[in-house]
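Since the structure comes first, as structure tokens, the remarks are kept for the end.
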Amino acid sequence: MVNPILLVAVPLGVGFLLPLFGKLGRPVAVAVHGATILFTTAVAALWLPGLIDGSTAPLDITTGGWSAPIGITLRFGLPEAVLCVLAGLTALASLAALTPREDAETVGRSGLLQLLVLTGAFGLIMTRDLFNLYVFLEISSIGTYAIVAFGRDDSALEAGFKYMLIGAAASTFLLVAIAYLYKLTGTLSLVNMPGLVHTAPAGALAIVMLFLLAGMAIELKLIPVNGPALDLYDGAEPGVMALLTGATVNGVLFAFWKVSALFPQAWYPVLMTMGMITFTGGNLMATMQDRPRRMLGYSSSAQLGLLVFLVPLVRTGAVPMLAAGLLLINHTLAKSALLWLAGVIPGKTLDDWTGAFRSGFGGRVLLAAGILAITGLPPFPGFWGKWTVVTSLAHAGMNGWITALLLGSLFEFIYYYRWYQRVQTEDDSRTAARPVAGLWDLFGPALFGLGGLVLGLVWTVRMTGTPTEAVIVIAAVGLVLLLVKNLPALVLNLAGLLGVVAAALWLGRTGALAPDTLPGLFQLLILGGGALVLLAGLSGGSGASGSVPGLFMILVSSLLMLARAETLLQFFAGWEIMTWSSYLIIGHGRRGPKPASIYMVFSGAAGFLVLGGMMAAIGAGQTTLAGLGMLTGSAAVWAWTLLGLGFLVKSAAVGAHVWAPGAYSESPDLFTPFLSGVISKIPMFGFMVAALRIAAGNLALVTDGLDPLWLLGAVGAVTAFGMTLLAVFQEDAKKLLAYSSVGQVGYIVVGLAILSPLGWTAALFHVVHHLLFKGLLFFAIAGVIMRTGTRTMYEMGGLIKKMPLSFISTLIGIIALSGVPPLAGFTGKWLLYQALLAKGWYFILVLVMFASVVAFVYLFRLIHTVFLGQLKPQHRTVREVPLPLAVTQVLMIIGTMALAVYPQVLLRPLDALVRGQFQAAALTFDGTALVTATGATFNPTHMMVLVVILFVLMALGLLVLGPWPRKVGQLDIGFAGELPPPPQELHYAANFAQPYRRAWAHLVQPRVMRFWNAVADGGGGAVDLLRRMYSGNGQTYVMYAVLLVAVLALLGPGR
Amino acid sequence: MNGLTPSTLYLATAILLILMGLAAVLVKRNLLKMVLGLSLVDTGIHLLIAALGAHPGRTAPILDDAKYLADPHTLLARVNLVVDPVPQALVLTAIVIGVGVTALMLSYVVRLYARRGSLDIGEIGRLKW
Amino acid sequence: MKQIFSLALLAITGWLLWSLVPYGQATEPGPVSSHYIAHGLQENGGSNLVTSIVVNYRGFDTLGEVTVLFLSVAGAGFVLRRRSGQRRVAPRPSSEFVQTGARMLFAPMVLFGVYIFVHGHLTPGGGFQGGAVIASAVLMLLLADRDHHLPHGFMGWLESLAGFGYVLTGFLGLAIGGSFLANKGVLPLGQWNRLFSAGVIPIIYTLVGLKVGTELSTLLDVMVDSGRDHGEADAHGQKGGAA
Amino acid sequence: MDLASRIGWTLLSFFVALNYGFVINGIIRKVMARIQGRFGPPVWQPYIDLGKMAFQRNSISHGIMFWLGPVFRAVGGVGLYLLMPVVMGDPRLYAFTDMGDLLLMMYFMFFGSLGMALGAGEGGHPHSPIGISRGLSQMTAYELPFILAVVALVAQTRSFDVTAIMAAQQGGVLHWNLFANPLSSIAAFIALLGMNMYAPFNIVGAPTEIPVGPMTEYHNAYISFMMVGRSAFAIAKTVLFMNLFLGGAHSVIEAVVKIFAIYFWTVFVGAVFMRFRAEQSVRFFLRWPAALGVAGLALSLWR
Amino acid sequence: MIIVDILICLVLLAAGVGAMLQRNLVASSVLVGVVSLMVSILFLRIGAPDVAMTEAAIGAGLSTVIFLIAVRRTEEEEQ
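Going down the list, the sequences are from chains A, B, C, D and E. Take 22 as the starting number for the first sequence in the numbering used here and just add one per residue. Take 443 as the starting number for the second sequence in the numbering used here and just add one per residue. Take 779 as the starting number for the third sequence in the numbering used here and just add one per residue. Take 1049 as the starting number for the fourth sequence in the numbering used here and just add one per residue. Take 5 as the starting number for the fifth sequence in the numbering used here and just add one per residue.
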């Protein structure tokens, strides 16, 4: 193996000669430069395999022939090797990104600086001598000072100068500390100094450590001394910042890791606090940024803060080093990629990003991948790092820290997805002259994106076990579809459909799809719903082309993973992939980006609540879903509360419902059925496999004080009622259905909360049935939107003549939803009400019954306004939906009718399922009749027969009395003998529920929306004040450095 | 002046230099004055490090006298004759690094002045928040 | 107000530094420096222990130090880079007397500098001090004769090769002595207090001296006249406001 | 009882009930006229109307839903009646009540209205949807007190089974829910005013505003079907109230009397009050009747 | 002989204060050079001739020159 000292020596030697190579021409210099980086990276990479599997011992490298402490030594172990490879790759990609950007002024000059910055980072990473560390720190700093002058923007100069000022303060503090450490321990080598430092007088050590920490804090860009670094991100060329992120910043961080061995344990809380303040505060302040580059600066600061927070924990062994390493690698890969991409966009404000990377290959995909990775979503390594960190913290009982960490992560969601929202927004006036990312611009992002993905997938397998083949097949199809996204929608959806069908057959053969188990039932739902969406997608249209089918496959695979989960980790990983893939799909709607980002923020909050709940369980030693039932005491209460809240937020329960209408209505039309039918049920699945298990296992939880289950049921009922009421007042067909969906999920929550066999049967019946009828409604409306080009209901009317099939679908959908017999909606309601009665929750019973009555208003409104009444002149030429969509609807009609005629087809497996859960039966089946445990009966089949017979009889009667009457034109109506006005004025449709609105006016004010807006504004105002601490004045920044010393002196452990 | 050791004197002087320089950085608005202040800080730091190696009565660590060449068993005796050379080596390095940083800062000042036409630190606060 | 606050904070820093003073009093050298003092002469052959430390024991630091200087000179050049097509300002020539004097003094000063670094292992001084002296000589020339052009080509070659030579010497140590920048075994340590002693230390210090001298000279050259442009003075106003 | 005789008895029962409905309708018109100081039509006027309408041919149709509207209406009315137990302890008059319970009845009530609304909607006349909009608004409003009352009863018997609720009221007049649970009953009977859509809640038809509301475009045979449906529906609804609040009936005579009594409650009230505006009606039901209903439910839970 | 040290220290501190208070930047730069020079004398007294030489050559000499160049290329008076 090659001696790693070459990592420093070779670039230095080449660096000295680089001016000479430059004389031979620029290509030669660049080639030599690139070759050097490749060489060093290869040297480091060659060590990796042996170091990873432990067959190679870490190497201690001497210089000058002397080992520590006489000479300066370096060390090359696994962390060093990983960091060096990362730094090398970053430098290589930065060279690719920066070389084409060199202008006549800088040509040939920045290369030398880049190479030396890299060398400085190598030195920082490897050295084991305190003063040598300082020297390399200075090399890195001076390299930074110099290279930020890259580019024409003189704000980079200003940032560079401020950075130098505070850097000088850092050097001062560090030198004082190093000099005294030498004085106190007699050595400079980090090999033996940690062992000697405790012999030093405590009084002196406290002050020395204070200076050391202050100096390192400046180098690490912790709050409050990160101002110049932020300016640097703001002003300097992003490609340069990528290099610094991948090389220097990591080097400094690792240097801090080495130095941290000197700190007595009393300092650890201080380090952790500083790190966490930086993480949470940095992310918080980033939320107010409207300049993406500066935002990336805040983000970098925050991420570094998180790693600093971890340093003491890794030292004490509370957190495995691997976790911190994953976070660091993830941050490097993602942030560098984002910075390179940022370098392509010349402007600095968010507006300049509108519709960025619309054309060209892969820019937007890579940007999305970078954002997903940096916000810690699976399968990227950051997720596994964060998970491990959080679980370790949970084991150590550090719940406060977990809270702060998750809060900071949530802030991260807010600004990153707002950024991406802007990118997704298509604004033709702005996107016309967008720069297109060139091949070299994408080299780094692609390399790092791929690296992150591969590493992440490796970890996915490592941490969650090999997923079943079916999941892999679907995910793989998804990835392939993403790559070939320019093919026609027909091909994409057909491939997806085949993939889903193949997976279903595969899973069915293994018996995984048994509907009498919870996972089996939900897998059936997922595969069935997915197949229907893809089938409908064969017709093309909104949400069936481009990257949507690919993302959809990934979504389906994540849902399968979630449904099959046995451990909390598997569940959460599936959950988070579901979150982002559905988010990206929603953003593909025409006006989707904004609601999508709101969706993402609420989903993020839900995810973190769920994670928090899981941590409460893991802290108590339970890592599996089944183990949740064994939780007791406060762990159970916390797990129940947090999981429950998370699931409620994700299901858009009242209070958190503000995300739903936008996300549902603006998502691609053919995807909305899935969002409503399947994804909204996933939190319910969560309730069943996680939250309610806790409650079931803890009678104390149920009996003490206010019954939490009743509370949950009440939330469900209020959601059902409130959303129904809101649905009444919508003019937008999809918004109406959106509120309706959320309300329907409220019924399911009520059923689950009853926690009885009958309640669960009702809930599960509704889960399946809602998929069918709401899917039917959404598909029908999607067809209508496809044909008419509008979603506003009063702009339609009379479409029954033009789209009879869609009318029938809608009719069946609304009858099923309303619960009017003889369709199965009544069966579901009957089950639910019986369960509520048996449970004795009368007020909830009243509320849900009332809600279901109110639903009539919007249901009639939907079908009437769209299909009945007067046909608009502009819709005279509208045709029925295309064949695939029609087939989809027919299939769902068949399903709905089958459930109506013979619900036992579903109820029998559900009964078996519930029996397995409760060891008690919900129903007995007396022929076609359903009999509850309390003796109530209902015979759906007979009811259907009765209605059909009556209907046929009556229809015959009417035929006899009045054989086919004459069909008349649509304007041939009784109008006092006058010529009626045009159809637009005859169609009573806009503000349909006007009297109703007047009556309810006080209740339907958008209070909740106002509340969230106030939260956003108030929080934003406070944050805005906070971030004004970065006044832009270099002097103030230096003052913060002195302030930091003072604060540490007054509050630190040395006082 | 009893009890005032040379070390204390040097250290006190060094600290005063450092504080003086930092005060200039914190108070003066002129960029060049701030850099001058940092230069004073540097000088102070150098003095501080060297002072930590000071030992009254001992000579410079240059073994150019024959008395140091006595037989090997007196090797250790040298230790009590010369001052600690390590801080001196460190100061040497620090001085060179310091001049490098100063030079770079001054080039920044010159360039900023060329662009902005002012040496006021308040003028270079365009990037903020 | 802010200034008073700043100074108050600074007082705390001062107080902290002052409380460290009692720990800075003269003590006996620790084990590491004792080793240098006791064995430095035998192990490196140079009588100047500081040089032994700088070039050998902590030679890696010095390599870094040279890099720092190299980097800041390159950085200064980068920051003060000349715009394309930008012309130098024609300076006002100095008097002939000054020019002649400077040229006469130039050679002896350079020689003195060389002396300092060549004897670095024996007497006080070394590469950095010698390099600085050489740079002073160059400075004198630059000041006296404003139109004087440094032989950039030659200087560049010298600088690059000296730096590369330093690294190469290090590799020599790695190849022969088994450790980067090793002294022992590469060249004979020679006799005490002789010019040709102390192994590679004089070689390294010579290379360092050359490099530092050329670097500092380049730095001065850069500072004196690169990046100047005609429009500088009158463009202040607009440029400050725009951008 | 075999299916054939069951169907036979049911047909008979339905025939009687339908006629009773027509007769009551006639009586009401007469009574209303007298209250208003008119002479009024003969009591058998509904029969005359029915005959006239049924044997006039339909001239036009606006589409299939328009045509099916009256069919839905009739199915809704007849079907609801078929779910009602009319006389306690007499299985011959239980029709098909074993198919489901109170919940089924409550939800089946909407069947006819919904179908009717759909048919009217296709008619394309603006007055139809206006009427429907008002009707839906009012319906949701009066359902709240009604549901509250029903749940109060159900909470006591712990069953949605109507026969069980009837059984619980046996043993004297004071055991009737009307007296045992007066608050809930009052709420329910106020709701009944809305259900029957007489003044002040006759906003759907609202003759002087939107001539006949949903039925604007209908004529002739369509109307005859609606009359049948409405008549059956009215009787069925009244039977339900009788069973829930007046202890059911032990004989046909008792049933006839009780039905008459319940029916006339709404008529008398309607003769006195002015018509509400739609939102007034909604607000009305959501205030006092709802409050009474909540009180009644609380009371029955507290006991 | 500590008196000598004290005197040197006083001189250098006075030079330092002067450098910071002086509004003429040329004078200021020179005074900072003087501080460096005094410190290099202190280095000699500490027993660090190498450091003293460096400080004198680089700290007092070269740095001052660079400052002077910078002053010439900007403004001579602090405003």
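Idealized CB from N, CA, C, for every residue including glycine. Note that the structure is predicted; figures quoted are calculated from it, not measured.
In angstroms with no decimal places, state the Cα-to-Cα distance between Pro32(A) and Leu414(A). 41 Å
What three-state label does DSSP hand Ile82(A) in the structure shown? strand
Per DSSP, which residues does Lys988(A) bridge with? Please list them. Ser1109(D)
From the DSSP output, in three-state form, read off Thr953(A) for me. strand
In angstroms with no decimal places, state the Cα-to-Cα distance between Tyr201(A) and Leu241(A). About 22 Å.
Report the rounded CA-to-CA distance for Val1342(D) versus Pro1193(D), giving the unit in angstroms. 8 Å
Meets three-Cβ-pair contact criterion under 8 Å: the region 1144–1151 of chain D and the region 956–972 of chain A: yes
Neighbour-count burial assignment, Phe1087(D), 16 or more Cβ in a 10 Å radius: exposed
Which one or two residues does DSSP pair with Trp87(A) in a beta bridge? Trp87(A) is bridged to Thr84(A).
So if DSSP puts Asn826(C) in a beta bridge, which residue, or which two residues, is it bridged to? Among the bridge pairs identified by DSSP, Asn826(C) is matched with Ile504(B).
Given a cut-off of 9 Å on the beta-carbon distance, is the pair Val55(E) and His488(B) in contact? yes
Does the Cβ of Trp1350(D) have 16 or more other Cβ atoms within 10 Å, making it buried, or fewer, making it exposed? exposed
What in chain C is Cβ-close to Glu159(A), meaning under 7 Å? For Glu159(A), the C-beta contacts it makes with chain C under 7 Å involve Val846, in order along the chain.
Nearest-angstrom Cα separation, counted from Phe958(C) out to Thr337(A): 34 Å
How about Met1132(D) and Val1210(D): do their beta carbons lie closer than 9 Å? yes
Can you name, in chain order, every residue of its own chain whose Cβ lies under 8 Å from the Cβ of Met427(A), other than the five neighbours on each side? According to the sequence displayed, residue 427(A) carries Leu and not Met. Result list for Leu427(A): Val411, Phe629, Leu632, Gly633, in chain order.
Using a threshold of 9 Å, state whether the C-beta atoms of Pro285(A) and Ser210(A) are closer than that. Not closer than 9 Å, so no.
Which residues mark the beginning and the end of the alpha helix (DSSP H) in which Arg96(A) is found? Here Arg96(A) belongs to no alpha helix (DSSP H); instead the beta strand (DSSP E) covers 94–97.
Pull out every residue of the region 461–474 of chain B whose Cβ sits closer than 9 Å to any Cβ of chain A, in chain order. Gly463, Leu464, Val467, Leu468, Val469, Lys470, Arg471, Leu473
At the 9 Å Cβ level, is Val521(B) part of the contact set with chain C, yes or no? yes
Less than 7 Å between C-beta atoms, sequence neighbours within five positions excluded: which residues of the same chain meet that for Thr485(B)? Excluding positions up to five away in sequence, the list reads Leu459.
In angstroms, rounded to a whole number, what distance separates the CA positions of Val908(A) and Leu110(A)? 52 Å
Would the beta-carbon of Gln765(A) fall within 9 Å of that of Pro682(A)? No, the pair does not count as a contact, with Cβ atoms beyond the cut-off.
Looking at the secondary structure, which residues open and close the alpha helix (DSSP H) in which Phe277(A) lies? 271–280
With the cut-off set at 9 Å, would you say Pro215(A) and Leu292(A) are in Cβ contact? no
Okay, do the region 355–375 of chain A and the region 459–469 of chain A touch, 3+ Cβ pairs below 8 Å being the bar? yes
Are any of the Cβ atoms in chain A nearer than 9 Å to that of Gln1302(D)? Checking the sequence shown, residue 1302(D) turns out to be Glu, not Gln. So, not an interface residue.
Residues of chain B with a CB under 7 Å from the CB of Leu46(E): which are they? Tyr452, Leu489
Identify the continuous alpha helix (DSSP H) that holds Phe786(A) and give its terminal residues. Its alpha helix (DSSP H) spans residues 778–809.
Val551(B): contacting residues in chain E (beta-carbon distance under 7 Å): Ala74, Thr78
Within 9 Å (strictly less), CB to CB, does Met870(A) reach chain D? yes
With a Cβ-Cβ cutoff of 9 Å, do Gly13(A) and Leu605(A) count as a contact? Examination of residue 13(A) is not possible in this model, given that chain A is present from 22 through 1076 alone.
From this set, Gly1242(D), Ile1310(D), Arg1325(D), Leu1241(D), which residue's C-alpha is nearest Pro1069(D)'s C-alpha? Looking at the sequence provided, one finds Gly at residue 1069(D) rather than Pro. The option with the nearest alpha carbon to Gly1069(D) is Ile1310(D).
Give the interface partners of Asn1054(A) over in chain B, defined as CB-CB distance under 9 Å, in chain order. Ile563, Gly564, Ile566, Gly567, Lys570
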